Structures are given as C-alpha cells and as structure tokens.
Amino acid sequence: MLRRALLIVAGLAAPAIMAGAGVCIAVEVRIELPSPARIDTTGIKRILVGGFRAGDHPTVDLGREVNRLLRDMLGKDTDFEIINAEPLPLPEQPVEEAVRNTAYWKRLGTRFNADLILGGTFEFEERDESGFVQEDIISELTGQRYRRSRWVEREAFKMDMGLYMFRGTSGELVFEDHFAEGNTFPGKGNDALSVLHDLMERIRENVVGIVMPRTRLETRYLLTE
Amino acid sequence: MKRVGQSPLTCLTLLAALLMAALTQPLAVVKSEASVQLEFGIKMATKGLWREAVLRFEKASRLDSGNAVTFNNLAVAYESLGRFDQAREAYAKALSLSPSDRRIQENQKRFLAFFATLPRGSHAP
C-alpha cells in the first residue's frame, strides 16, 4: 500500500518535471534591423566626392572611376545633392597629414559650397592565381576513381578603399574607414573595369549606410516550447 | 483491523496527493499563463508585429523569469525594434539560463556582429 501511495505521488510529480524539461523547436525568422547613419548628417545637403589617391593601372583610371562610382551610389541611394565635379587631387603630402589638413578641406567646402566632402585612397590589384589543382575523376572504362592534377588559369582581384569624410564648413574629419573586397575569376584577361564595378557594388550598402539610415535584413531563431 | 490498518496509508496517500497538488498547482497556472503569452508573442512575431510580440514576451518573462526561450525571443524582438541595448541584455540573460543552447549562441553571435557595426550612441533610438 505504501508503494502504491508513492506511485500516486510520483504520478502527480511527473507532469511538473516534464513541463520543466520542455523540448523547444526553433523557427527561423527574417528581421529588418534599423541601422542608423554612421555620421551625424544634420545640416548636410550637398556632398562633394573629392579626390582619391590611387595606384596606376594599365587599363583603368582608378581615381576617376572610383569618383564616378561613388557619385553614382550616393546619387541613387541617398537624398543628398551630389555635386557634379571632376575628381580633385589630394594635397601633396602623406595621406595621414592630408586628412588632418583642415584648411584644404574647408577651402574645398567653400569653393563648391559642399557640406560634406569625400576623399581617400584606393588600391586595386590583380594577381595571377593560376596553378595546379587536384581533382577526382571516375574512369568511364573501369569505373575506378583516380586523382589527377590539372593546370587551371585564374585571376584574383583585390581592392582596398580608405574612405574619409570631412565637414565642408570646418574641414574637420568626421569619418574614416577601410573597405576591402576581393574575388577570383577563372581564365585570363578578365575585364578589370567590370571587376572593379562588381567589387564596388559589394560595398554599396556599407558606403550608403554611412550617411543614410538603412534597414538590414538578417535571420534569427525564435524558439518555441 | 484491516480497515484500521489501511486508514493511515490511505490518509498518507491523500495527504501526499493534496500536498503535491497544492505545491504544483499555482506553479502550473503561472507556467501556463507564461506559455500562453510566449506562444502568442511568437505568433505576433512571425506576422511581423514586433511591438505586440515584445509586450507578450516581456509579460512571459515576468511570469517565468527562468525561461531561456522567452529571453531569446525577447532579444530578437528588441532587435527588430532597434532596442539594441535591451537585446544585448536579453541575450545575456537567455544564455545565462541555457549556456549550451546553440541557437541562442548563434543568435547572440549574429547580433553582436551587427551591434559592432553601429555607431556609438545609436544603440537605443
């Protein structure tokens, strides 16, 4: 009888224990994350895309192309007025000093009536990444698997943009960051200009997000009991 | 004699049952209400009604402060509303309650990666 009593007690306790040990299931949801602009854009209406110190490239005028792509990005994806001006050279001094040259940036601000000025550095490299790769082959005759080496031609492209932003009224540096991207393509003789556009496109959201609030789509797990 | 002998055992059984019922009943009611809030919050969240979801998850967390699931979901809902400091705290709480849960770990990892990109002073709009 005592055993029976204990069984009854155990029977009553079981649901409580089960509830405590609940098994959960995950549901993946997409959420829009409000991401504020990275700089204070109060009072900014006109933006000047200034000069970029860029290395030489045999087929692409990097400084001009980056200037054009940035103007295009900001013109399409922001509400600011983008000043249509040819790229201007950075002051003849090391970049670290040029970005602290408030007098220069202020002068540009006054000359173009710009509230914000962009400038920076740009590096674009292409490298031959051709080489032997190992691959597994199944023989059509014997059905046996064997490994062989094969020569593959590839080209790797890499860009690195140091982006600086200055307030036109004071010449003060308000933002600096580096944006790097790269990709490898099969074959040789890939069009460098197309690759440059492709790599710049990848950083579009990040660049626009400096001056505009954005929403970012991400996934998270909601859990259910 | 038999009846007299059985009586204490029957009483003991009944007493134990009553005791268990008294102990578990209020807890079960609270748990159940918390679960209702949690489930409703999830429904709202999957419909994109994050404000309502936050209210439900907050209520569920007050009713049952030991449930990692609730705090995880609350963190996700806070994120959706841009209440990032609160999201960070809720993830920390969820992981303190269930440190080995990989999905909460993954959520927190993704959140912290996003959080790191935010400018200072913009975490709680």
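Those sequence lines, one after another, are chains A and B.
Numbering of the first sequence is given in this note's numbering, commencing with residue 30 and proceeding in unit increments.
Numbering of the second sequence is given in this note's numbering, commencing with residue 20 and proceeding in unit increments.
Glycine included, every Cβ here is placed at the ideal spot set by N, Cα and C.
Quick caveat: nothing in here was measured; it's all calculated off a predicted structure.
Open item on the list: Tell me which residue opens and which closes the beta strand (DSSP E) that residue 157(A) is part of.
Closed with: Counting from 1 along the first sequence, the entry for residue 157(A) is found at position 128. Note, residue 157(A): beta strand (DSSP E), 145-157.
- [ ] With 9 Å as the threshold, decide whether the Cβ of residue 50(A) is near any Cβ in chain B.
- [x] By one-based count along the first sequence, residue 50(A) stands at place 21. Residue placement at residue 50(A) cannot be trusted, given a pLDDT of 46 that sits under 50; what the coordinates show is reported in the next sentence. With 9 Å as the cut-off, residue 50(A) does not count as an interface residue toward chain B.
- [ ] Assign residue 56(A) to one of three DSSP states: helix, strand, or coil.
- [x] Counted from its first residue, the first sequence places residue 56(A) at position 27. Correct three-state label for residue 56(A): strand.
TODO: Compare the beta carbon distance of residue 186(A) and residue 208(A) with 9 Å and say whether it is the shorter of the two.
DONE: On the first sequence, residue 186(A) is found 157 positions in, with the first residue counted as 1. On the first sequence, residue 208(A) is found 179 positions in, with the first residue counted as 1. Not in contact: residue 186(A) and residue 208(A) (Cβ atoms no closer than 9 Å).
Task: Cβ neighbour criterion (16 or more within 10 Å) applied to residue 133(A) - done: Counted from its first residue, the first sequence places residue 133(A) at position 104. Buried, by the Cβ-count rule.
Task: Which residues DSSP lists as bridging residue 163(A), in chain order - done: Taking the first sequence and counting its residues from 1, one reaches residue 163(A) at position 134. According to DSSP, residue 163(A) bridges with 178(A).
Task: Nearest-angstrom Cα separation, counted from residue 57(B) out to residue 229(A) - done: Taking the first residue of the first sequence as 1, we reach residue 229(A) at position 200. Taking the first residue of the second sequence as 1, we reach residue 57(B) at position 38. Residue 229(A) and residue 57(B): Cα-Cα distance of roughly 44 Å.
Open item on the list: Just to check my reading of the structure: residue 114(B) and residue 127(B) have Cβ atoms closer than 8 Å, yes? What is that Cβ distance to the nearest angstrom?
Closed with: As a first step, residue 114(B) is located in the second sequence; it is residue number 95 there, counting from the start. As a first step, residue 127(B) is located in the second sequence; it is residue number 108 there, counting from the start. Yes, they are in contact, since the Cβ atoms of residue 114(B) and residue 127(B) sit about 6 Å apart, within 8 Å.
- [ ] Indicate whether at least one CB of chain A lies closer than 9 Å to the CB of residue 130(B).
- [x] Looking up residue 130(B) in the second sequence gives position 111. It does; some Cβ of chain A falls within 9 Å.
Task: Cβ of residue 55(A) within 9 Å of any chain B Cβ - done: Numbered from its first residue, the first sequence carries residue 55(A) at position 26. Chain B contact via Cβ: present.
Open item on the list: Any beta carbon of chain A sitting closer than 9 Å to that of residue 125(B)?
Closed with: Translated into positions along the second sequence, residue 125(B) becomes position 106. So, interface residue.
TODO: Identify whether residue 62(B) lies in helix, strand or coil by the three-state DSSP scheme.
DONE: Within the second sequence, the letter at position 43 stands for residue 62(B). Helix, per DSSP.
Task: Element boundaries [alpha helix (DSSP H), containing residue 102(A)] - done: In the first sequence, the residue the question calls residue 102(A) occupies position 73. It spans 91-106 - the alpha helix (DSSP H) in which residue 102(A) sits, taken as one unbroken run.
Open item on the list: For a cutoff of 9 Å on Cβ pairs, would you count residue 107(A) as touching chain B?
Closed with: By one-based count along the first sequence, residue 107(A) stands at place 78. Not one chain B Cβ lies under 9 Å of residue 107(A).
- [ ] Given a cut-off of 9 Å, decide if residue 79(B) and residue 96(B) are closer than it, judged by their beta-carbon atoms.
- [x] As a working note, residue 96(B) is residue 77 in the second sequence. As a working note, residue 79(B) is residue 60 in the second sequence. No.
Open item on the list: For residue 110(B), count the other beta carbons within 10 Å of its own beta carbon; 16 or more makes it buried, fewer makes it exposed. Which is it?
Closed with: Counted from its first residue, the second sequence places residue 110(B) at position 91. Classification of residue 110(B): buried, given that the 10 Å Cβ count is 16 or more.
Task: Contact set between residue 98(B) and chain A, taken where Cβ atoms lie within less than 9 Å - done: For the purposes of this step, residue 98(B) is taken as residue 79 along the second sequence, with counting starting at 1. Those are 60, 62, 247 and 249, listed as they occur along chain A.
Task: Three-state secondary structure (DSSP) of residue 68(A) - done: The residue you call residue 68(A) lines up with position 39 of the first sequence. Coil.
- [ ] Using 10 angstroms around the beta-carbon of residue 257(A), count the other beta-carbons present and answer buried if the total reaches 16, otherwise exposed.
- [x] In the structure as shown, chain A begins at 30 and stops at 254. Residue 257(A) is therefore absent and cannot be evaluated.
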